[in-house]
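Notes to accompany the following structure.
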Amino acid sequence: MKGIEFKNVKKAYGDTTIIENLNLKIHEGERLILLGPSGCGKSTMLRMIAGFEKITDGDLYMNANMVNEVPSGKRNVAMVFQNYALYPHMTAEENITYGLRRNKVNKQEIKRRLDSVVETLLLEPYLKRKPKDLSGGQRQRVALARAVVKESNFFLLDEPLSNLDAQLRVSARKELMNIHHTFKQTMVYVTHDQIEAMTFGERIALMNKGELQMLDTPENVYNRPVNIFTAKFIGSPPTNIMDMVYDNGKAIIGNQSFTFDTKWVKHIEASNATDFVFGIRPEHLQISKSPLENALKGKVKYVENQGDQYAVFIDMANSEVIAMSNSKDWNTDEVIFVQPMADHIHIFDKATTNSIGYPGV
Ligand SMILES: Nc1ncnc2c1ncn2[C@@H]1O[C@H](COP(=O)(O)OP(=O)(O)OP(=O)(O)O)[C@@H](O)[C@H]1O
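Note that the UniProt record's numbering has the sequence shown beginning at 1, numbered continuously upward.
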């Protein structure tokens, strides 16, 4: 297969295994996000693709060639790191073209590639400046340009925008989209920022402790998380998770109950699980001071301003849950009604923590 494939890949440092057995196919030309908490092995995976780290076991394929023993320089990859490490004594232009000059690419070709990337990344005004005379965002664009001019099949980015402020990040993401649109490389992008993952990824590979949790589109990762880890990692504030007992069409949560519609009843009854966990995102809990149909009762703890909305922390059925609200008018200890939106619930098997799936899917 073209693209990148990890086949039963293991990575250990001495006695410490970081990745036990990874199977992952990255399509040719896609923008894949490697997402996961700190230390889960994202950078290690990128470094294995780049050829900076040897794999301990298994096989790594790039464009259908097994590359286990292929040195980094022969893998046709370009890489951008968090600390973009420009040469301080060279101008932006010299930094961008350094690799090409070193590889004795002819002058005309260097000019063609330089002109193209300068236009895409709007670098014209800065070409004669040294890094110290550039802003962080401009330096970061120079680092991107230096990677882009390699015109590699594989473009690897390790948290390339993490040093930028929120506004610059948005514009840099747009530039990266343009680059990808123009050059259509297989792009693997490491981040632990889920907003970046949702907005930039065509697919997300979510990792935890060296294990692939879910590989899917941002929409599916958000709407149909395959397990509790995924449900909680994606989305902010995280998905509310409550133990539940299934009893004759109802979820018994603490000493309260929620009635499932028929499609969920059939689905739950068809599953092999015996103990369940009920999940619902804060944005899918409707709250009200007056009674709502099929709602649970909860007591307001406090309200947190999140900018465009308020996060309301609620004690409910022996758990703390969070609901999003447009209003801040919720008083501590006030009893309110909390209604899960029926089309947005998630049910997990408590024993395996895996989703039991979704009715009709
Ligand atoms: N050379 C090394 N020797 C021993 N352990 C290492 C080495 N390099 C990385 N590790 C360990 O491997 C694990 C995965 O590291 P990695 O850098 O891939 O994580 P990450 O997901 O990129 O984390 P972060 O988001 O914090 O950068 C970590 O526990 C780290 O301490």
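Where a beta carbon is used, it is the ideal one built from N, C-alpha and C, also for glycine.
Given residue i, which residues of its chain have a CB within under 6 Å of its CB, disregarding the five upstream and five downstream residues?
| i | result |
| --- | --- |
| I347 | F276, I356 |
| N349 | Per the sequence shown, the amino acid found at residue 349 is Asp instead of Asn. Closer than 6 Å at Cβ, skipping near neighbours: A273, I356. |
| G3 | I26, H27, E28, T186 |
| V70 | none |
| D261 | A342 |
| W330 | V300, V303, V312 |
| K184 | G29 |
| N63 | K2 |
| N178 | T120 |
| I234 | Q194, V221, Y222 |
| E93 | L127 |
Can you round the beta-carbon distance between residue i and residue j to whole angstroms, since I take them to be within the 8 Å contact cut?
| i | j | result |
| --- | --- | --- |
| K42 | L32 | Wrong, their Cβ atoms sit about 11 Å apart, outside the cutoff. |
| Y61 | K7 | 7 Å |
| E20 | E211 | 7 Å |
| T120 | I110 | Rounded, the Cβ-Cβ distance is 16 Å, inconsistent with contact. |
| I345 | V312 | Not a contact, Cβ separation roughly 19 Å. |
| residue 362 | V77 | As displayed, the chain neither begins before 1 nor continues past 361, which places residue 362 out of reach and without an answer. |
| K289 | N305 | 20 Å between Cβ atoms; not a contact. |
| R75 | F154 | 7 Å |
| Q82 | S135 | The Cβ separation is near 17 Å, so there is no contact. |
| R141 | L127 | Not quite, the Cβ-Cβ distance comes to about 11 Å (not below 8 Å), so this is no contact. |
Name the one or two DSSP bridge partners that residue i has.
| i | result |
| --- | --- |
| N354 | N227 |
| H346 | G279 |
| G298 | I336 |
| A205 | L34, L215 |
| A12 | T17 |
| Q256 | I253 |
| L60 | F6 |
| Q286 | Q339 |
| V321 | I314 |
| H24 | Checking the sequence shown, residue 24 turns out to be Leu, not His. Note: L24 sits in a beta bridge opposite F6. |
| V80 | L157 |
| E304 | A311 |
| I241 | G279 |
| N65 | M62 |
| T186 | F154 |
| D247 | K250 |
| T191 | L35 |
For residue i, which residues of its own chain have a beta-carbon under 8 Å away from its beta-carbon, when the five flanking residues on both sides are left out?
| i | result |
| --- | --- |
| A317 | M242, I253, G254, N255, Q256, L296, G298 |
| K263 | P359, G360 |
| V67 | G51, L60, Y61, R75 |
| S38 | H192 |
| N248 | none |
| I314 | I287, G298, K299, V300, K301, E320, V321, I322, A323, I336, V338 |
| G99 | R146, V149, K150 |
| N103 | none |
| C40 | M207, N208, K209, G210 |
Using beta-carbon positions only, say whether residue i and residue j come within less than 8 Å of one another.
| i | j | result |
| --- | --- | --- |
| A12 | T56 | yes |
| P340 | K266 | no |
| Y302 | I268 | no |
| L215 | R139 | no |
| E159 | R113 | no |
| L164 | L46 | no |
| N223 | Q213 | no |
| T91 | R129 | yes |
| A231 | P225 | yes |
| T17 | K10 | yes |
| F200 | M244 | no |
| V80 | A166 | no |
| P291 | F229 | no |
| P88 | P125 | no |
| L168 | G137 | yes |
| Q309 | S325 | yes |
| I322 | N220 | no |
| V188 | I49 | yes |
For residue i, which residues of its own chain have a beta-carbon under 7 Å away from its beta-carbon, when the five flanking residues on both sides are left out?
| i | result |
| --- | --- |
| N354 | V226, N227, F348 |
| G36 | K42, H192, L206, M207, N208 |
| F258 | K250, A251, N294, L296, P340 |
| T182 | T120 |
| For the 8 Å Cβ check, are there 3 or more pairs between the region 17-26 and the region 170-180? | no
| task | State whether the region 202-210 contacts the region 283-292, with contact taken as three or more CB pairs (one from each stretch) at a distance under 8 Å. | result | no
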